[in-house]
Amino acid sequence: MTAPGAPVQGRTSGRRLDESMTLLREVTERPLDPGYALMARRRAEAGEKKSERSVPSLVAMLLVAVLLGAATTVAVRDLRAPQPVVARGRSLLIEQIQERSAEVEALSERSAVLGSEVDELQRGGLLPSALLEVNRLDQLVNGAVAVQGPGMVVKLTDGSGGGLVEPGDAPAESRVRDADVQFVVNELWAAGAEAVAVNDERLTSLSAIRNAGDAILVDLHPLNGPTYTIEAVGDPEEMQVEFARSAGLGFLQLLSAEYDIKNEVTTSEEMHLPGAGSPTLRSARPPQSGDENTTEDRSEEDNG
Numbered sequence: 122m123t124a125p126g127a128p129v130q131g132r133t134s135g136r137r138l139d140e141s142m143t144l145l146r147e148v149t150e151r152p153l154d155p156g157y158a159l160m161a162r163r164r165a166e167a168g169e170k171k172s173e174r175s176v177p178s179l180v181a182m183l184l185v186a187v188l189l190g191a192a193t194t195v196a197v198r199d200l201r202a203p204q205p206v207v208a209r210g211r212s213l214l215i216e217q218i219q220e221r222s223a224e225v226e227a228l229s230e231r232s233a234v235l236g237s238e239v240d241e242l243q244r245g246g247l248l249p250s251a252l253l254e255v256n257r258l259d260q261l262v263n264g265a266v267a268v269q270g271p272g273m274v275v276k277l278t279d280g281s282g283g284g285l286v287e288p289g290d291a292p293a294e295s296r297v298r299d300a301d302v303q304f305v306v307n308e309l310w311a312a313g314a315e316a317v318a319v320n321d322e323r324l325t326s327l328s329a330i331r332n333a334g335d336a337i338l339v340d341l342h343p344l345n346g347p348t349y350t351i352e353a354v355g356d357p358e359e360m361q362v363e364f365a366r367s368a369g370l371g372f373l374q375l376l377s378a379e380y381d382i383k384n385e386v387t388t389s390e391e392m393h394l395p396g397a398g399s400p401t402l403r404s405a406r407p408p409q410s411g412d413e414n415t416t417e418d419r420s421e422e423d424n425g
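Spelled out as structure tokens, the structure:
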């Protein structure tokens with residue numbers, strides 16, 4: 122018999138005192154999950170094996186890189202090596218360029234000599250007066266010589282996009298374009314202009330006004346903005362009236378209202394437009410025996 126309240130033999134001898142704290146014991150004795158521990162052990166083993174073979178791997182990779190670099194160098198050298206056909210074609214082109222350059226230089230020298238002879242004839246008074254007058258008018262019309270006199274001035278200034286930014290940072294549609302300058306120039310010619318210049322670049326019958334990116338070019342000469350000054354020599358009053366009657370005035374109002382491009386139209390009593398120099402000679406023929414008489418006859422007819 123066992124006394125009441127006494128422990129039962131054989132039932133408590135194998136039990137732990139902290140059996141009721143199994144979860145806390147697991148956290149304390151095994152803080153790392155078995156799966157994580159297994160993965161960490163495998164990574165450690167793989168790192169040891171990798172470190173054992175890292176030196177041979179680096180040597181192999183270095184050898185492969187050297188071989189690839191050598192192969193690339195050889196391929197590039199072979200591609201850049203001039204082929205016989207290409208070399209012959211290049212030599213032929215160089216010879217042709219040198220020949221053409223020599224011909225151009227000889228012709229330029231010949232042109233300079235002939236120009237000097239013409240100037241001497243003009244200064245010596247050996248040319249007929251009618252021919253001298255025709256030559257002078259041709260130079261004025263072609264823009265070869267400078268002119269001065271009264272006329273009309275039109276200024277176009279880049280807009281500022283409604284006044285929110287500086288003119289240099291304005292959007293593209295608020296900047297003066299080559300088409301705007303062309304339109305105003307054509308209207309001034311139609312209004313009776315005898316000579317026109319844009320930012321002191323004299324216009325001739327062969328002049329071209331075009332855009333190159335954001336720059337405006339006149340005969341390949343870039344114009345400095347943001348203000349473009351178009352000067353036209355002629356009768357100021359007549360030009361003003363004709364310009365107001367044409368589409369030019371309405372076009373300027375459109376530029377101001379739609380694109381914030383400012384404009385100013387004034388007259389001047391005295392302007393000086395520079396000459397564009399002698400134009401490039403594109404065609405000519407030797408004078409015939411009857412050319413001088415024909416010129417004199419036409420001059421007499423015109424005077425009569």
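Just so it is clear: in the sequence shown, position 113 is 234 by the numbering used here, and no numbers are missing.
Ideal placement from N, C-alpha and C gives every residue a C-beta, glycine not left out.
| query | Name the DSSP bridge partner or partners of Leu242? | reply | Beta-bridge pairing links Leu242 to no other residue.
| Three-state secondary structure assigned by DSSP to Glu322 | strand
| With respect to the alpha helix (DSSP H) encompassing Arg257, which residues constitute its N-terminal and C-terminal limits? | 250 to 263
| Whose C-beta lies closer than 6 Å to the C-beta of Pro288 among residues of the same chain, with five residues either side of it excluded? | Note that Pro288 scores a pLDDT of 48, beneath 50, so its modelled location is shaky and nothing firm can be said.
| query | Since Leu370 is in the alpha helix (DSSP H), which residue starts that stretch and which ends it? | reply | 369 to 380
| message | With H, G and I counted as helix, E and B as strand and the rest as coil, what does DSSP make of Val339? | response | strand
| request: Rounded to whole angstroms, what's the CA-CA distance from Leu213 to Ser229? Just pull it up for me. | output: 24 Å
| query | Roughly how many whole angstroms lie between the Cα atoms of His342 and Glu254? | reply | 31 Å
| So, helix, strand or coil for Leu285, using DSSP? | Unreliable positioning characterises Leu285 in this predicted model, as indicated by a pLDDT of 48, which lies under 50. The coordinate reading is nonetheless provided below. Leu285: coil per DSSP, three-state reduction.
| task | Report the three-state DSSP secondary structure of Leu189 (helix, strand or coil). | result | helix
| said: Give me the DSSP bridge partner(s) of Tyr157. | reply: According to DSSP, which records beta bridges pairwise, Tyr157 is partnered with nothing at all.
| Which residues bound the beta strand (DSSP E) around Glu390? | 383 to 394
| CA-CA distance, Gly190 and Leu184? | 10 Å
| field | DSSP-derived helix/strand/coil call for Ala208 | value | helix
| query | Mapping DSSP to helix, strand and coil, what is Gln409? | reply | coil
| query | Just how far apart, CA to CA, sit Val302 and Val319? | reply | 8 Å
| query | Cα separation between Thr193 and Arg163? | reply | 41 Å
| request: Taking all protein chains shown into account, decide if Met273 is buried (16 or more other Cβ within 10 angstroms of its Cβ) or exposed. | output: buried
| message | Could you compute how far the alpha carbon of Ala378 sits from the alpha carbon of Gly371? | response | 10 Å
| field | Touching by the beta-carbon criterion (3+ pairs, under 8 Å), the stretch 255 to 270 and the stretch 374 to 393 | value | yes
| field | Spatially closest choice to Asn332 from Pro357, Asp356, Arg296, Gln361, by CA coordinates | value | Arg296
| field | Alpha-carbon spacing of Glu166 relative to Ala158, whole angstroms | value | 12 Å
| request: Please work out which residues of its chain come closer than 6 Å, Cβ to Cβ, to Leu344, disregarding the five sequence neighbours upstream and downstream, and give them in chain order. | output: Asn320, Ile337
| Are there three or more Cβ pairs, one per stretch, closer than 8 Å when the stretch 348 to 363 is compared with the stretch 309 to 319? | yes
| said: Taking the straight line between their C-alpha atoms, what separation do you get for Val362 and Gly264? | reply: 25 Å
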